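Here is the structure we will look at.
Protein chains: 6
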Amino acid sequence: MSNQAKKNTGYPYPMLNPPPFRWQAEPDLPEPKVHEWIRTLEPSAAHDTDWSRIDAAILGVPLSRSSISASAASETPEEFRRAWRSFTPYNLEEDIDLTPLSVVDLGDVRQHVTDISRCHQSIREAAATMQRHHPSTLPILIGGDHSITAMSIMGIKDTRPEKSIGLLQLDTHFDLRSLEEFGPANGTPVRNLIESGSLRGSDVWNIGLHGFFNARSLRDYADRAGVNWITMKEARRIGLETAVHSALTQLEKKVDTIYLTVDMDVLDLACAPGTPAGAPGGMRTEELFEAVRIAGTHPRVRGMDIVCLDPRRDINQITIKTGVHVLLSFLTGFMQRDKA
Amino acid sequence: MSNQAKKNTGYPYPMLNPPPFRWQAEPDLPEPKVHEWIRTLEPSAAHDTDWSRIDAAILGVPLSRSSISASAASETPEEFRRAWRSFTPYNLEEDIDLTPLSVVDLGDVRQHVTDISRCHQSIREAAATMQRHHPSTLPILIGGDHSITAMSIMGIKDTRPEKSIGLLQLDTHFDLRSLEEFGPANGTPVRNLIESGSLRGSDVWNIGLHGFFNARSLRDYADRAGVNWITMKEARRIGLETAVHSALTQLEKKVDTIYLTVDMDVLDLACAPGTPAGAPGGMRTEELFEAVRIAGTHPRVRGMDIVCLDPRRDINQITIKTGVHVLLSFLTGFMQRDKA
Amino acid sequence: MSNQAKKNTGYPYPMLNPPPFRWQAEPDLPEPKVHEWIRTLEPSAAHDTDWSRIDAAILGVPLSRSSISASAASETPEEFRRAWRSFTPYNLEEDIDLTPLSVVDLGDVRQHVTDISRCHQSIREAAATMQRHHPSTLPILIGGDHSITAMSIMGIKDTRPEKSIGLLQLDTHFDLRSLEEFGPANGTPVRNLIESGSLRGSDVWNIGLHGFFNARSLRDYADRAGVNWITMKEARRIGLETAVHSALTQLEKKVDTIYLTVDMDVLDLACAPGTPAGAPGGMRTEELFEAVRIAGTHPRVRGMDIVCLDPRRDINQITIKTGVHVLLSFLTGFMQRDKA
Amino acid sequence: MSNQAKKNTGYPYPMLNPPPFRWQAEPDLPEPKVHEWIRTLEPSAAHDTDWSRIDAAILGVPLSRSSISASAASETPEEFRRAWRSFTPYNLEEDIDLTPLSVVDLGDVRQHVTDISRCHQSIREAAATMQRHHPSTLPILIGGDHSITAMSIMGIKDTRPEKSIGLLQLDTHFDLRSLEEFGPANGTPVRNLIESGSLRGSDVWNIGLHGFFNARSLRDYADRAGVNWITMKEARRIGLETAVHSALTQLEKKVDTIYLTVDMDVLDLACAPGTPAGAPGGMRTEELFEAVRIAGTHPRVRGMDIVCLDPRRDINQITIKTGVHVLLSFLTGFMQRDKA
Amino acid sequence: MSNQAKKNTGYPYPMLNPPPFRWQAEPDLPEPKVHEWIRTLEPSAAHDTDWSRIDAAILGVPLSRSSISASAASETPEEFRRAWRSFTPYNLEEDIDLTPLSVVDLGDVRQHVTDISRCHQSIREAAATMQRHHPSTLPILIGGDHSITAMSIMGIKDTRPEKSIGLLQLDTHFDLRSLEEFGPANGTPVRNLIESGSLRGSDVWNIGLHGFFNARSLRDYADRAGVNWITMKEARRIGLETAVHSALTQLEKKVDTIYLTVDMDVLDLACAPGTPAGAPGGMRTEELFEAVRIAGTHPRVRGMDIVCLDPRRDINQITIKTGVHVLLSFLTGFMQRDKA
Amino acid sequence: MSNQAKKNTGYPYPMLNPPPFRWQAEPDLPEPKVHEWIRTLEPSAAHDTDWSRIDAAILGVPLSRSSISASAASETPEEFRRAWRSFTPYNLEEDIDLTPLSVVDLGDVRQHVTDISRCHQSIREAAATMQRHHPSTLPILIGGDHSITAMSIMGIKDTRPEKSIGLLQLDTHFDLRSLEEFGPANGTPVRNLIESGSLRGSDVWNIGLHGFFNARSLRDYADRAGVNWITMKEARRIGLETAVHSALTQLEKKVDTIYLTVDMDVLDLACAPGTPAGAPGGMRTEELFEAVRIAGTHPRVRGMDIVCLDPRRDINQITIKTGVHVLLSFLTGFMQRDKA
């Protein structure tokens, strides 16, 4: 479908490319795999779509030019789609079948090769369009580097400026580095959000910080801005689940919408070798799955992203499979939320 | 020795090849390494062997054509033998010296290149022969893919049809997929055993299931068949050791013989990158070692195998060394059993 | 589409799965990439297809259980389709634009997990169906291991038993090993074809043999059977192009149809690390491309396959990209043939 | 030294960072290795430098955000410096000792994380400064991706707009893709130079094009623009050395300055696995070394760069060592030029 | 600077090479990275150095010829220096800023290619010189293989023979193998120290032993010599922190100086793939960091080393980054000690 | 067999270990693979061995501690033995069947962990013993690093001091570095031989030198010492076969015995990634095979070695398979010599 045609059919996403490929599947399989369950949104079918029945929409954001260190995180959306085949949409431990959920794959935000601000603008517009055209559908962004989180939240805010947004961040880093020095890079999204007034520092909860990976000045900035943070060591002391519950409980008192961002480098480097800034001493895989599932259960969590996963550094798909598992763990919580 | 000659000397294993290589060792070393302690059974010496003094016999099963996804698990028996060099037969933490055990390496089951049912038949015959010729020697099969477990247990059952067998399975998967669709593949051995009447579903205990790797219908099948299962999350909640003890206690009430099967993909993918269907969120290495050791202590555990380890996907021998450690942990338990 | 439905629409390929994924592309791109130019044959569109206008049909054959050594060549069809994106259908050196050719991707032959003879039967039927339903369309099989060549040629022969077939084989090996010992494996296809009477030994030309990779008895068998062979060293002495031309000239005098089979291990191991039996001292990449292009120009070459490429052993996609280039080089010759 | 201080001492390169590390070496070694021979230019010593005695200046350009596919070519300058240790500055085959040459390492152009046009502007200014402050010193840029070539030549042109520049390009690609679509990316530098009037299409000679890696429209554009090009096949037919000599002879009649650009993907993928767009069928290593050496001998070659080498894709430093060898081969020609 | 010159300026380290490279940094950065904070000791500045103000001195020991299995641990000092860039000298979890510490990098002990005893002698002299010239500066050796620990402690002992030294060893192995058989290799340092009278067996505490990696005779030797050891399993039972505290408490009663040696293979192989004798079932990363930090807090710990890290076996820098983190965790404890 | 026993049976090799493993083979196979054809010499059978019927004896030399850069070349003998399985002893291109040759595997020279001179002494004694006890058996040493060549030739010289020895060296390096600086390392063997009077510089022919990998002073030393050398470029100009023939023709006039040494780094790095000092621009695989085969045909070539192959740096066994092919190519020439 040409861009012209897309506009004519009322397709709201001129800034999107469809997913690079669609899986071939028998329709109405009684027991689909994940790639058979998540459906591609065909532009031609867009205006026939009853969005009120779509629970979640996945948006690929193939941008990693804005990463401080060289990254191929732009290849993650495609690798996610390929890896869906290795998963069933049934969580045995929680006895949750995801197939009643209606999840669509919107494809990827079109990105420019040399104009990063244009890339960011398209992401922001895509996020805004999602809010505007189908506000009840939960947006899930698959990055890309962490700079996209600022664009995603700004897009939401553009659509509903009167609503306050809080951030639950699982990360090794504050992401509060200087905008003057770096611009909207993967080291600055939280600062970008605070300084642009998109959210308040005190509405940010960062869990998982550890080690020698944040300058002291960033911690000072965080404290001045009122950012709430719980180190990995502290989270283990009080229980990671408690830490997540506590953050959600605090946030629900203060904001309308909670956005969850998962930087894959929150994981221990041995558990997630495919990250551009991975570090030893981080979260373990099963801890992250549980943290994300809990976040998924909270009714006010209305957006999430998974970022900074570099498939070219990955080994034996460890990190890609872990990333997809994070997505499905979140949706498991989302299902559990629905039941409640 | 020609096949003809083998038959004449009363060597009971026409379906075996000797191990591809034998280590060169000084005899009667005071402190052997594992490759100097485990002895190759020479076909020419077979009828002089006093089997009542052989505690355990290792059988390589180089078959992975029956794996659903491409696998080089057929190369594992050879890689095990090479890796023996990196281990001493002394467990420091348990203060258990394995050298009083007499363990022989029987070599590998001869496998056909294009006739998988002939491969399976040979495995079944080898297992039956082990039971028949030296029933007091504990058989240990080194796979190969998980399809071999069905053949191993059927071979035991062929020899002693009146005895009931129970299965303790450490696995991420039920292995209950449809025989109609897959045949005797690595996704179907437990179903194969149940449907062939080799054991009852209620005599299966599977510990370690987790995540999004089993379709809901398989869980339903498991429940209908009475298969007992404990997820990773549940096992951690009650303690993995407790879970294993509990399974053994239940089984000993119901069956004559307990067979232990260890699918290496029960481990977290970061702990065992060399598995064809590895998944994040699994068991940790030291947890598996302890589970297997405990199983080894139980007097009714009279057979075991280690399967679905693909050395071509392995990294820095992490998975191969872990597999050998599983073998030695089991034998540590076996020694502790003898002492009791 | 269900299998039932397929039968009802007259779709001739009940033994095929559609390609696992289809690329998303803007229709009627002025300058497509290869993945945008090769079209997927939709089963639903099959009986509307005017096959007389289809020049070539690609068939994936995801079988490598029949490989002597462990191989993931079954993953090659999918990796080919992914790698198409990295190529344009325009050969700059020959100034040949492939886009006037109509090439369809039929998908993959459905393969059974544990019954290799059923796998082989399906390949044979698929090849026969191609000959029967659209004899003017050139079949191109993407393996899989070399056993598929025997099935492909037998399928052709089944359809037109009165026609004689010759084989141009680019290979490091004779592939004449004993059928009694191996069955229809990747070491026996040429013997299988000779002994089944599908073709005569004297209608086989093998170019590229070298080194220490064929037992003397195989050479003796080849000579007794009248197989024509030119070693790498001899081919370089007379010129590889001359060798190929010479083989084609000889074959065209004797057979109706020439079938080209390219075993990727004919290449030097450094040029094609992703092969299960790769060897040093083989053909260089540009030599293979030219040999295949020349074969493509010959009007009697009416079938071809590319086999024994194992993507799991590949490094940086060297071998996959080379395999796709072989396919496109052949089609370049095919275009040049049309012009002549 | 602060940026302020740099300006005060007359250091002309406010846009440069010093090399990230300097090798520690005993001064005045009789037989230095390459890292001991190439000297770091200390900013503090800049205004004492007698540039008329500096033969060549190396400039790192750590930019690969402008690469179409994800690339870590930004890490190449540092990897080059590390790899210098593995080379002596003596070419045995040519009996050329490079140590009489005075070569300095200027460090790296400072690059912005998210503003690519600012990155490009800094490269252009650095190139211009080199021309302005020490026009007799030959500039050598170590990329980075191929977009830097446009900036480098524009910088030269900025300084001496009246001089005509010709381009000798060793490449698999035309690099003539649409500026409208890509901007100043690694697929567009030659088009950028032509369309900006920096050089004429007829003053470009591209040697090494091959295979299916350039759309037909790019070839048409090349022909319309008068770009001269010799495919790999043609170059081998006439002799690669002849091809290079021919290009130089043509260029010297038409331009004042010849600029040599080496895209490492001109090499066969097996010879240079560490390139973002590597392809099978390319130039062999020794062919490239000789081509570059010949270019180095021509007195009108007054600038060169090496681009599109991605160390993260490299294997065993094959590509990095080859890149450094290209640099030294060029300098060997440069020495031979001096002698003539 | 020539060796002659070094002697004339009173530089006490004729056996040292300066670090192979020095990072280029702006002086007096408000927030340095680790490579900007640790300063290189320039030989020319050595006699102006006020050593009383230097808290710790890092010495690279690029020796791994004395490793039983092939090892490139000799490359670790350089890889450490490169990896410093990825760390800030601020520990967020402990809120400890390391920058008040003055830490110098002395460079590497000069090593001979074929005379291992001369290598060892140089290490011993370097360690002795450190004690003699700046006894209040804590020495930190970056190996190299474990044989260097014997030399380091002997050097300390040479300088202060009247002082008793105790060893806190974090290791999978006893390192008590036979000196007669191996000489001063990486399997013998503790035995070397005991048998040379440098320390008493009862002043050794080894924490982290596990699995099947120590012959029974070594355990017997350990017990006869009075070596104290706590297996991984026992350490986890009582708490690893408790184990470390207990060892330190015992040692402080008996010795003047405690030396900490960290063999990286104490870590689980999946957490530290880059070790020559890595084993499954070991310590986890965060456990090691905490153990080392606690050791750092003890005022009598006056020397430490990190050994048996082989960067050539490493994957994605997991082990190198972990090694640097061990160094910084120790210095965090050292800072906390100062505060107390 | 104990060392004591070995002495009693007249086994002449107290300094040898048997090969670490022996392949299991059916005896008297009509068509053996290489591992079934090369026989292990059992110490117990040594005094029954009729050495006059043994054509060649293979000796593993697992030493790489004496390598300038870290190397695991010590693991090559074992990797060779494993890789023998992938080869038949029949050279198709030359129609040479090697099985009439009687070749034994003597095992490995016992090496000390920390005393390199003792290692070297054992190699020298092993080589001397071979000459003394079975002078008509051609010794083939599998290194190990290049230092072993000096020991091998010295051992021959020790036994027959009156005989002159010449060296045909295929290498990227002169190996003439300073003995004072390096001792008997892998950079000095030729100098060691010249300075010890074991051979004359003018009796050395080095073919394959290239690039920037030899300091000018080494070339000057070579010329002063009369070493004959032909660069890669020159060898290609005159034909590599001509170069080898020429060297042999010159040497046969001057020496009694010619020794062939193959440093695997003579190959282009892309053809032999598994070498510690590999370089781009070297020999191609098929060129080396032919050079070595020609050397094998010369009746005065009475010893050879293959060195500096590091299996840990190898990729997909490219270099190991190439090394084994070199061995078999040499034996092919040896067979052709016998026929002449």
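Residue numbers (this note's numbering), protein chains in the order written: chain A, 1185 to 1524; chain B, 1185 to 1524; chain C, 1185 to 1524; chain D, 1185 to 1524; chain E, 1185 to 1524; chain F, 1185 to 1524. Idealized CB from N, CA, C, for every residue including glycine. Quick caveat: nothing in here was measured; it's all calculated off a predicted structure.
Where A:Leu1354 is concerned, the enclosing beta strand (DSSP E) starts and stops at Ile1349 to Leu1354. Residue pairing of D:Tyr1443 in beta bridges, as defined by DSSP: D:Leu1351 and D:Gly1487. With a contact defined as Cβ atoms closer than 8 Å, D:Gly1328 and D:Ser1248 qualify at about 6 Å. Any Cβ of chain C closer than 8 Å to the Cβ of A:Pro1198 would place that residue at the interface, and such an atom is absent. When CB distances to chain A are screened at a threshold of 7 Å, the residues of the stretch 1445–1460 of chain B falling below it are Asp1452, Leu1453, Ala1454 and Pro1457, in chain order. With fewer than 16 other beta carbons inside 10 angstroms of its own, C:Arg1408 counts as exposed. Within the stretch 1469–1493 of chain E, Thr1469, Glu1470 and Phe1473 place their CB atoms closer than 8 Å to a CB of chain A, listed in sequence order. At least 8 Å separates the beta-carbon of D:Asp1440 from that of D:Ser1255. Listed by position along chain E, the residues whose Cβ is nearer than 8 Å to that of D:Arg1206 are Phe1205, Arg1206 and Gln1208.
In the structure shown, A:Thr1224 falls within a strand segment according to DSSP collapsed to helix, strand and coil. The C-alpha of B:Ala1479 is placed about 21 Å away from the C-alpha of B:Ser1331. In summary, the residues of the stretch 1385–1417 of chain F whose CB is separated from some CB of chain D by less than 8 Å are Leu1393, His1394, Gly1395, Phe1396, Phe1397, Asn1398, Ala1399, Arg1400, Ser1401, Arg1403, Thr1415, Met1416 and Lys1417, in the order they occur in the chain. Contact of A:Pro1216 with chain C is not assigned, every C-beta pair being separated by 8 Å or more. Taken atom to atom, the span from the alpha-carbon of B:Leu1444 to that of B:Gly1487 is near 6 Å.
In the DSSP secondary-structure assignment, C:Pro1323 is bridged to C:Ala1241. With three or more CB-CB distances shorter than 8 Å, the stretch 1298–1317 of chain B counts as touching the stretch 1289–1300 of chain C. Our two residues, B:Pro1460 and B:Leu1276, have alpha carbons roughly 32 Å apart in a direct line. Distance from the CA of D:Ile1242 to the CA of E:Asn1201, rounded to the nearest whole angstrom, comes to 27 Å. No Cβ-Cβ contact shorter than 8 Å links F:Leu1402 with F:His1482.
The DSSP assignment places complete alpha helix (DSSP H) segments of no fewer than 4 residues inside the stretch 1264–1341 of chain B at 1300–1317, in order along the chain. Put simply, the backbone Cα of F:Val1476 is about 28 Å away from that of F:Asp1234.
Residue state for B:Asp1407 is assigned as helix, using DSSP reduced to three classes. A:Gly1466 places its beta carbon less than 8 Å from that of A:Met1416.
Between C:Val1374 and C:Leu1354, the CB-CB gap reaches or exceeds 8 Å. In this structure, the beta-carbon distance from A:His1304 to A:Pro1368 falls below 8 Å. Taking every protein chain shown into account, the CB of D:Pro1345 has fewer than 16 other CB atoms within 10 angstroms, so this residue is exposed.
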